[in-house]
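Data first, discussion second: the structure below is written as structure tokens.
Chains as they are written, first to last, in my numbering: chain A, 1 to 530; chain B, 1 to 103.
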């Protein structure tokens with residue numbers, strides 16, 4: 001294309017105008033932005049529920065809500081954060097925006113399917129929220145039988161919502177697999193792909209294989225609840241532990257749907273802000289696929305005390321510990337990448353280092369929980385709550401925030417306030433540890449999870465935890481201000497403000513409608529710093 | 001796959017005949033029809049016949065035999081993970097102490 005006819009003021013944001021053009025867009029970048037707005041709105045709602053939960057737990061006994069309302073708050077906090085925030089958070093938002101750009105493609109393989117996936121999320125979320133107003137489910141986000149069969153019908157709607165949202169996840173995964181296989185730029189083999197793409201690709205495999213099992217499980221639950229067909233009720237010839245088998249066959253790999261793309265982001269951030277080629281590229285890439293594969297073998301560690309047989313428990317305990325191997329490979333490679341690097345402590349790097357610190361704690365406590373004898377004590381206590389928040393929030397959310405700041409200039413063509421972003425990080429990081437570290441102690445002391453009330457002896461640590469949660473809230477509000485301020489008042493961003501090497505930084509900020517003015521050709525690896 | 005593979009008519013005809021023959025076999029080994037009873041293996045025999053039939057459909061009618069091997073990998077891995085789900089659930093159920101089992 002001749003440079004004389006290129007109008008570089010045109011980009012994907014001003015390519016078309018009007019709300020309708022956004023709601024019917026087939027541009028992966030615009031769909032990514034739709035996901036961003038949606039996920040941020042859900043995060044705000046789920047976050048408010050979290051604040052209400054922690055405020056209720058500030059004192060023993062009733063503080064602001066009663067026990068039934070607490071159960072609904074806890075259920076919706078979990079369901080929103082898992083199904084509407086963390087699962088779509090990285091693949092559907094950042095993945096949609098950057099997978100084709102990093103591959104040097106014009107779009108994803110199936111743009112219409114991509115838009116449909118967003119509508120699946122919206123419809124599923126609408127059904128779920130309707131259940132809150134109709135008759136809020138109170139089963140917890142895991143919908144465990146037999147309680148979920150006996151409780152009110154709001155559960156059916158929430159289950160149906162999760163079912164529909166599952167299709168969003170499947171369609172996104174399908175699209176990413178096809179895109180990665182078919183639309184790489186000339187010269188880009190699998191080992192020239194950025195590690196974020198490897199993370200998304202591994203995630204997509206899990207999304208496509210595991211999510212249908214959740215859909216089927218939820219349908220079985222609905223069939224039993226509405227038609228009395230016996231799958232999980234012993235009185236009807238069913239088995240309640242079978243529900244847990246089916247549920248966790250999806251929902252444990254789902255943890256890796258949350259963390260694998262986060263690990264991809266961390267790989268991008270650490271190599272970029274250390275100004276150094278990534279250490280052990282192939283080891284990190286293969287460990288992503290390894291984690292995806294092993295993630296399917298470990299679901300039974302959720303059921304050590306649920307009536308599962310000891311033989312199955314021993315098998316799952318061993319297999320669960322295997323996940324630590326590829327995860328540790330990644331962590332050591334990230335640390336080795338930083339070694340002798342020219343580390344720049346910009347906000348994305350702060351989040352990456354926060355990830356390393358928090359995710360390591362989450363991972364090590366995961367190994368403790370994988371040990372059957374220890375799990376008998378820790379199971380269903382606040383130790384588990386602290387563990388999975390260190391993994392999901394300390395891991396995934398840190399990566400999302402780091403990724404947002406890293407790619408903000410590319411997405412919107414604006415810079416953000418670095419000072420504000422660092423201040424936000426400080427509040428979130430400190431607040432997070434103040435919130436969740438005391439919960440390890442509470443759990444070890446025996447405080448059960450999901451309870452509305454607790455013994456007076458647990459009150460001081462609960463109060464510290466609640467103050468921490470408000471600190472996190474302040475941190476995210478500052479982060480929201482940083483993003484809005486950057487959008488409205490931010491300085492114009494250069495095409496490559498961080499000096500990064502992957503393809504998305506070779507196009508303009510923000511990118512044009514078709515991503516690149518000329519088809520990029522790949523002649524080397526993605527991280528050739530020095 | 002760069003172009004569609006043209007499969008000779010007689011291949012499709014033979015596969016169809018094999019499927020029909022296997023269907024007849026399924027009926028014949030059914031206890032209410034023939035009185036044949038292999039006990040616990042009734043289920044195994046029926047599933048084995050059904051699996052062969054599914055394999056023929058996948059290989060010939062769905063062209064897996066002639067197509068990019070990546071699709072074969074996808075199908076095999078799907079079956080593997082299904083077997084994994086059923087297999088480990090079965091191990092759990094079969095090794096539960098009778099006293100605590102709900103089955």
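A virtual CB, placed ideally from N, CA and C, is assigned to each residue, including glycine.
Model, not experiment: these values are computed from the prediction.
is_contact[residue i, chain A] using C-beta, thresh 8 Å
i: residue 88/B; result: yes
i: residue 96/B; result: yes
i: residue 85/B; result: yes
i: residue 49/B; result: no
i: residue 91/B; result: yes
i: residue 43/B; result: no
i: residue 1/B; result: Confidence at residue 1/B is low in this model, with a pLDDT of 46, below 50, so the placement of that residue should be treated as unreliable; the coordinate-derived value is given next. Taking Cβ atoms only, chain A never reaches closer than 8 Å to residue 1/B, which makes this a no.
Nearest-angstrom Cα separation, counted from residue j out to residue i
i: residue 214/A; j: residue 142/A; result: 11 Å
i: residue 42/B; j: residue 22/B; result: 15 Å
i: residue 27/B; j: residue 33/B; result: 7 Å
i: residue 128/A; j: residue 24/B; result: 48 Å
i: residue 484/A; j: residue 73/B; result: 46 Å
i: residue 318/A; j: residue 341/A; result: 37 Å
i: residue 524/A; j: residue 261/A; result: 23 Å
i: residue 83/B; j: residue 528/A; result: 43 Å
i: residue 467/A; j: residue 434/A; result: 8 Å
i: residue 508/A; j: residue 305/A; result: 55 Å
i: residue 178/A; j: residue 210/A; result: 17 Å
i: residue 66/A; j: residue 50/A; result: 15 Å
i: residue 322/A; j: residue 401/A; result: 29 Å
i: residue 259/A; j: residue 285/A; result: 14 Å
i: residue 77/A; j: residue 133/A; result: 15 Å
i: residue 347/A; j: residue 202/A; result: 27 Å
i: residue 1/B; j: residue 7/B; result: Summary for residue 1/B: the model assigns pLDDT 46, below 50, so the residue's position carries little reliability; its value from the coordinates is reported in the next sentence. Distance between the alpha carbons of residue 1/B and residue 7/B: 15 Å.
i: residue 490/A; j: residue 414/A; result: 5 Å
i: residue 242/A; j: residue 89/B; result: 7 Å
i: residue 172/A; j: residue 140/A; result: 26 Å
i: residue 3/A; j: residue 71/B; result: Here the model assigns residue 3/A a pLDDT of 49, short of 50, so the residue's position is not dependable and the matter cannot be decided.
Interface flag, residue i vs chain B, CB-CB below 8 Å
i: residue 322/A; result: no
i: residue 296/A; result: yes
i: residue 311/A; result: yes
i: residue 209/A; result: yes
i: residue 113/A; result: no
i: residue 213/A; result: yes
i: residue 506/A; result: no
i: residue 300/A; result: yes
i: residue 308/A; result: yes
i: residue 1/A; result: With a pLDDT of 44 at residue 1/A, under the threshold of 50, the predicted position of this residue should be treated as unreliable, though the coordinate-derived value follows. By this cut-off, residue 1/A is not an interface position.
i: residue 520/A; result: no
CB contact flag (residue i, residue j, <8 Å)
i: residue 107/A; j: residue 27/A; result: yes
i: residue 96/A; j: residue 35/A; result: yes
i: residue 217/A; j: residue 176/A; result: no
i: residue 329/A; j: residue 274/A; result: no
i: residue 270/A; j: residue 334/A; result: yes
i: residue 266/A; j: residue 399/A; result: yes
i: residue 264/A; j: residue 522/A; result: no
i: residue 103/A; j: residue 183/A; result: yes
i: residue 447/A; j: residue 440/A; result: no
i: residue 367/A; j: residue 324/A; result: yes
i: residue 55/A; j: residue 63/A; result: yes
i: residue 515/A; j: residue 505/A; result: no
i: residue 224/A; j: residue 156/A; result: no
i: residue 550/A; j: residue 337/A; result: What is shown of chain A runs 1 to 530, which leaves residue 550/A out entirely.
### Task
Please name the residues in the segment 62-81 of chain B whose beta-carbon is closer than 8 Å to at least one beta-carbon of chain A, in chain order.
70, 77, 78, 81
### Message
To be precise: take each residue of the segment 221-249 of chain A, compare its Cβ to all Cβ atoms of chain B, and keep it if any distance is under 9 Å. Which residues remain?
### Response
234, 237, 238, 239, 240, 241, 242, 245, 246, 249
### Query
For the segment 408-442 of chain A, which residues have a CB atom closer than 9 Å to at least one CB atom of chain B, in sequence order?
none
### Message
Which complete alpha helix (DSSP H) runs does the segment 274-359 of chain A hold, if anything under 4 residues is left out?
### Response
281-294, 310-322, 324-338
### Interface residues of the segment 158-178 of chain A facing chain B [CB-CB below 8 Å]
none
### beta strand (DSSP E) runs wholly inside the segment 152-234 of chain A, at least 3 long, in chain order
none
### Message
Going residue by residue through the segment 239-274 of chain A, where are the continuous alpha helix (DSSP H) segments of at least 4 residues, counting only ones entirely within it?
### Response
240-274
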